[in-house]
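Just so you know, we're using our numbering here: the sequence shown kicks off at 507 and counts up by one.
Following: one structure in structure tokens, then a few remarks.
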Amino acid sequence: MKIATILGTRPEIIKMAPIIDEISKRDIDQIVLHTGQHYDEEMSDNFFRDLEIPTPDYNIHVGSGTHGKQTGLMMKGIEEVLLEEKPDIVLVQGDTNAVLAGALVASKLHIAIGHVEAGLRSFDMTMPEEVNRRAADVTSTMYFIPTEESAINLLAEGFSRKNMFITGNTVVDACFRHLEIAQKRGFEEESLRNLDIDNMDNILTLTMHRAENVDIKERVINIIDALKELSDMNIIFPIHPRTKHTLENFGLFDELNDLEHVHIVKPIGYLDFLLLTSKSTLILTDSGGLQEEAITLNVPALTLRYNTERPETVTAGGNILVGSDKDAILENARKILTDEEFAEKMKNAPNPYGRGDSAKSTVDAIEQYYEAGLLDIKAPEEVMSSFTRKMTTITEDITVKDFEEKENALIHMVFDGDKMRFPKDELNIKGMMITYDSRE
Ligand code: UD1
Ligand code: UDP
507 MKIATILGTR
517 PEIIKMAPII
527 DEISKRDIDQ
537 IVLHTGQHYD
547 EEMSDNFFRD
557 LEIPTPDYNI
567 HVGSGTHGKQ
577 TGLMMKGIEE
587 VLLEEKPDIV
597 LVQGDTNAVL
607 AGALVASKLH
617 IAIGHVEAGL
627 RSFDMTMPEE
637 VNRRAADVTS
647 TMYFIPTEES
657 AINLLAEGFS
667 RKNMFITGNT
677 VVDACFRHLE
687 IAQKRGFEEE
697 SLRNLDIDNM
707 DNILTLTMHR
717 AENVDIKERV
727 INIIDALKEL
737 SDMNIIFPIH
747 PRTKHTLENF
757 GLFDELNDLE
767 HVHIVKPIGY
777 LDFLLLTSKS
787 TLILTDSGGL
797 QEEAITLNVP
807 ALTLRYNTER
817 PETVTAGGNI
827 LVGSDKDAIL
837 ENARKILTDE
847 EFAEKMKNAP
857 NPYGRGDSAK
867 STVDAIEQYY
877 EAGLLDIKAP
887 EEVMSSFTRK
897 MTTITEDITV
907 KDFEEKENAL
917 IHMVFDGDKM
927 RFPKDELNIK
937 GMMITYDSRE
């Protein structure tokens, strides 16, 4: 079997590293293709180093550009590689333009696609990420889904449960493994060593890069106004290149940089960043990955967004959405700093993203599909038997799997009272209302 992994940005490198590592331990060929969307050393190369994964086999160096140009160039480059390498499955991760390009190209070449971190939804179609993740889900063969909640998003859109694997998120694998290494090693980055973070209190780690925040001057001003008033905190801000450019263009960079309690540093390596996160009192971010890492490392998070495709972090109690609202940022940050009970509750929020064995479950599932011939994407050769969509309430003691076998059916949705459940094989559905496809 041959697996091709496509990645292009910092979070994809981090979240695919555990899977690349897991594949390399097994008797499987693999190639890694970097689109080159992120190219600065501190946004790309340093992560291959810190996460101890080999340099990609291909880099198509698309660089920065408009969405159309960047995605188009990626598609051209990816197609050339896939035609040459002929993998059995292509893995894409998350919601970047690499995911869109990789999924579109592979689906047209009839190569199976595995979407890692499938099913997330912000329901905000103005976000490029929402478009990308939805397009990838439409074209995928296998879905590696972090939580039951995300799996339910897919069911609600009509996807078949058969190809869904609730695996947790590989960020937990990366976090657990590398935090320990980072703790033994200590800070390496000079800018962090100079700040003497180990002896610092009240650390607020800030990251932001979302177009809908940093490209809108009014939002940036609101956030900066809140930061100015948080002078009792030590704000460490590893600045994303996009944000550096926009702050400079808006003429706001120096104003922020001049604040004594704000320390702007270059984007930092994964080990240093994990260590910094783990020592933080509070994370203020609009990053997707960081919302997940904060709850994994028991650090309260305030998310600079009005919606999130990671609602589990909010319902679990570890994350609060504050948008770019100055008052909401200040009120919640102060509460975390001064109200011990409130802060403890946030810290102790249960982690919805699994135990750190997500890469193993993902590669196990791919091997099973390969062995069962389910990665061969062929036009159907059988005349399609008719199937009807039905709904019923189950009165007998029966599991999902047994019902499906007995009725030659595929269960779609399950309602336990007014709550939708994911139809796991072993779920006893007595007393529940189900919808299902019935094959005659
Ligand atoms: C991209 C992803 C986003 C992800 C983020 C992770 C898309 C649509 N966006 O956003 O989902 O959360 O990566 O960080 O795929 N730049 C550099 N050096 C680099 C990379 C970028 O200077 O190595 C600058 C360029 O000016 C570029 C800007 O940052 O125009 C934005 O980069 P881009 O990759 O287009 O989007 P991100 O904001 O990084
Ligand atoms: N990260 C890092 N160094 C930094 C900032 C972030 O290593 O200076 C890591 C962080 O731990 C997380 C990931 O980068 O795993 C998040 O990437 P980003 O915020 O760029 O993208 P998103 O997750 O929002 O797509």
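Don't be surprised by glycine CBs; every beta carbon is placed ideally from N, CA and C.
Test item: CB-CB of residue i and residue j under 9 Å
| i | j | result |
| --- | --- | --- |
| Lys592 | Asn728 | no |
| His540 | Ile566 | yes |
| Ile595 | Ala609 | no |
| Leu710 | Leu736 | yes |
| Val587 | Leu579 | no |
| Leu777 | Asp556 | yes |
| Thr901 | Met919 | no |
| Val771 | Ile745 | yes |
| Gly829 | Leu810 | yes |
| Gly674 | Ser864 | yes |
| Phe693 | Ser867 | no |
| Glu873 | Met507 | yes |
| Asp721 | Thr676 | no |
| Leu513 | Gln599 | yes |
| Pro858 | Thr653 | yes |
| Asn934 | Thr899 | no |
| Met926 | Ile658 | yes |
| Ala502 | Ile801 | The requested residue 502 is not part of the displayed model; the chain covers only 507 to 946. |
| Leu765 | Ile789 | no |
| Met706 | Lys785 | yes |
| Asn552 | His573 | no |
| Leu626 | Arg861 | no |
| Pro560 | Val538 | yes |
| Ile826 | Asn838 | yes |
| Leu597 | Thr511 | yes |
| Arg667 | Phe928 | yes |
Residue i - DSSP class collapsed to helix/strand/coil
| i | result |
| --- | --- |
| Val768 | strand |
| Gln599 | strand |
| Phe665 | coil |
| Leu615 | coil |
| Pro744 | strand |
| Thr894 | strand |
| Gly620 | strand |
| Met631 | coil |
| Leu880 | coil |
| Tyr564 | strand |
| Lys925 | strand |
| Phe693 | coil |
| Leu758 | coil |
| Thr814 | coil |
| Thr713 | strand |
| Thr515 | coil |
| Asp546 | coil |
| Pro773 | coil |
| Asn708 | coil |
| Asn857 | coil |
| Val820 | helix |
| Gly862 | coil |
| Glu591 | helix |
| Met580 | helix |
Local Cβ density within 10 Å of residue i, reported as buried at 16 or more and exposed below that
| i | result |
| --- | --- |
| Ala878 | exposed |
| Thr844 | exposed |
| Asn755 | exposed |
| Lys699 | Looking at the sequence itself, residue 699 is Arg, so the reference to Lys does not match. Arg699 comes out exposed. |
| Gln689 | exposed |
| Met581 | buried |
| Val889 | exposed |
| Met739 | buried |
| Asp546 | exposed |
| Asp882 | exposed |
| Asp601 | buried |
| Ala662 | exposed |
Min CB distance residue i to chain D below 9 Å
| i | result |
| --- | --- |
| Val678 | Going by chain labels, chain D is absent from the structure shown, which holds only one protein chain. |
The ligand SAM heavy atom lying under 8 Å from the CB of residue i
| i | result |
| --- | --- |
| Gln576 | Within the structure as shown, the ligand SAM is missing, the only ligands being the ligand UD1 and the ligand UDP. |
Bridge-paired residues (DSSP) for residue i
| i | result |
| --- | --- |
| Gln536 | Ile509 |
| Ala807 | Ile789 and Asn825 |
| Tyr942 | Lys896 and Ile917 |
| Asn934 | Thr905 |
| Tyr649 | His621 and Met670 |
Exercise for review: Kindly confirm or deny that the segment 932-946 and the segment 881-900 touch, where touching means at least three C-beta pairs closer than 8 Å.
Suggested key: yes
Review point. Is the segment 777-792 in contact with the segment 676-690, if contact means three or more CB pairs nearer than 8 Å?
Key: yes
Exercise for review: Would you check if the segment 599-614 and the segment 642-657 touch, i.e. whether three or more CB-CB distances between them fall below 8 Å?
Suggested key: yes
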